[in-house]
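*Asks:*
In full-length UniProt numbering, the protein residues as written are 1 to 315.
1) Beta-carbon separation of residue 249 and residue 237 under 8 Å?
2) Below 8 Å on the Cβ atoms is my guess for residue 252 versus residue 150; work out the distance and round it to an integer in Å.
3) Give me, in chain order, the residues of the same chain whose beta-carbon lies closer than 6 Å to that of residue 88; leave out the 5 immediate sequence neighbours on both sides.
4) Measuring CB atoms only, is the region 185-197 touching the region 208-224, in the sense that at least three cross pairs come out at less than 8 Å?
5) Closest to residue 205 by C-alpha separation, out of 294, 102, 28, 62, would be which residue?
6) Going by CA-CA distance only, name the one from 164, 171, 228 that's closest to residue 268.
7) Can you give, in chain order, each stretch of the alpha helix (DSSP H) that sits fully within the region 145-202 and has at least 4 residues?
8) Quick check: what's the CA-CA separation for residue 101 versus residue 129?
9) In whole angstroms, what separates the C-alpha of residue 176 from that of residue 153?
10) Going by other Cβ atoms of all chains shown within 10 Å of its Cβ, with 16 needed for buried, is residue 2 buried or exposed?
11) On the criterion of 16 or more Cβ atoms from any shown chain inside 10 Å, does residue 4 qualify as buried, or is it exposed?
12) Please classify residue 167: is it buried, with 16 or more other beta-carbons within 10 angstroms of its beta-carbon, or exposed?
13) Buried or exposed, going by whether 16 or more other CB atoms sit within 10 Å of the CB of residue 245?
14) Output the boundary residues of the beta strand (DSSP E) element that contains residue 210.
15) Check residue 70 in the structure and name its three-state DSSP category.
16) Let me know the secondary structure DSSP gives residue 291 once reduced to three states.
17) At which residues does the alpha helix (DSSP H) containing residue 81 begin and terminate?
18) Return the Cβ separation of residue 110 and residue 136 in integer angstroms, given the expectation that the two are a contact with Cβ distance under 8 Å.
19) I believe residue 86 touches residue 67 by the beta-carbon criterion, under 8 Å. Please report the beta-carbon distance rounded to the nearest angstrom.
20) Return the chain-ordered list of same chain residues with a C-beta closer than 8 Å to the C-beta of residue 97, the five sequence neighbours on each side being excluded.
21) Hey, how far is the Cα of residue 284 from the Cα of residue 309?
22) Suppose you measure from the CA of residue 183 to the CA of residue 159; what does that come to, to the nearest Å?
23) When burial is assigned at 16 or more other CB atoms within 10 Å of the CB, is residue 342 buried or exposed?
24) Of all the options 70, 23, 305, which has the alpha carbon lying nearest to the alpha carbon of residue 90?
25) In whole angstroms, what separates the C-alpha of residue 242 from that of residue 80?
Next up, the structure:
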């Protein structure tokens with residue numbers, strides 16, 4: 001038998017080799033996890049940067065917010081001053097306004113933008129915008145307005161049955177077929193003027209899936225009910241209001257070549273103001289109308305007619 005020189009038996013891996021392999025795998029896994037973490041952070045940072053609005057409008061809005069703040073104040077001690085101190089320091093209520101807020105500024109800015117759109121004759125817009133442009137031009141055409149004089153108002157008055165104080169023999173002409181319900185419907189549907197009662201269709205406050213008819217107290221001729229009762233400057237306002245009504249009626253009579261009848265006109269307008277005062281006294285003050293549920297009294301048409309004696313209401 002001949003023995004081969006240099007032959008040796010192959011040695012199997014031991015404990016040390018297995019340990020090194022496990023350690024290598026752990027290091028590799030740790031490196032992968034670390035790379036994944038750094039990658040996710042990079043993605044998040046890039047997403048945050050992409051979500052930041054840097055358009056001119058966003059920059060202006062951000063600057064406005066910072067300007068209205070008072071960052072020298074501690075928000076934990078006086079949050080109102082911290083959030084609004086800059087606004088109070090930089091703005092004063094104009095003499096022509098009873099209130100002034102950021103919404104008033106935004107409204108003024110919006111009106112300037114709208115003015116530019118309405119005066120733009122070079123661009124063609126949707127039919128609704130073009131109609132708005134036509135209306136705007138009609139309001140700005142002073143020569144046509146002066147030429148037509150009171151004709152548009154007289155035409156509207158004829159549509160609603162005339163105005164007795166601005167006519168002669170109204171009881172013998174238009175008054176013969178005049179109906180309160182019909183004229184209220186015309187004022188509401190064609191001119192959006194809700195006189196005596198405020199009637200409109202809206203979502204049911206207790207079931208938004210359906211629409212119901214709302215009946216509410218009317219909007220008054222003057223801004224609020226307090227103008228009809230409180231003294232101070234309101235007395236001057238009531239006097240000016242009466243003078244305004246009297247002058248309009250007198251002007252309409254003159255344009256129709258009717259006699260002035262100044263005493264009669266003033267007496268009639270004084271009665272109108274008295275009627276408005278009674279209506280104002282019957283309305284609920286605004287501070288008592290904040291609870292919507294207290295104002296909600298749902299009833300069907302038959303119950304409405306029985307409780308309030310309303311006629312001419314049908315569906």
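Every residue gets a Cβ at the ideal spot worked out from N, C-alpha and C, and that includes glycine.
Note that this is a predicted model, so its numbers are computed, not measured.
*Replies:* In short:
1) no
2) 6 Å
3) none
4) yes
5) 294
6) 164
7) 151-159, 180-191
8) 29 Å
9) 22 Å
10) Bear in mind that the predicted position of residue 2 carries a pLDDT of just 45, short of 50, making it unreliable; the figure below should be weighed with that in mind. So residue 2 ends up on the exposed side.
11) Since pLDDT at residue 4 reaches only 48, below the 50 mark, its modelled position is unreliable, and no value is offered.
12) buried
13) buried
14) 207-216
15) coil
16) coil
17) 79-90
18) At roughly 15 Å, the Cβ-Cβ gap does not stay under 8 Å, so residue 110 and residue 136 are not in contact.
19) 5 Å
20) 104
21) 21 Å
22) 8 Å
23) Lying outside 1 to 315, the shown extent of the chain, residue 342 is not represented and no answer is given.
24) 70
25) 43 Å
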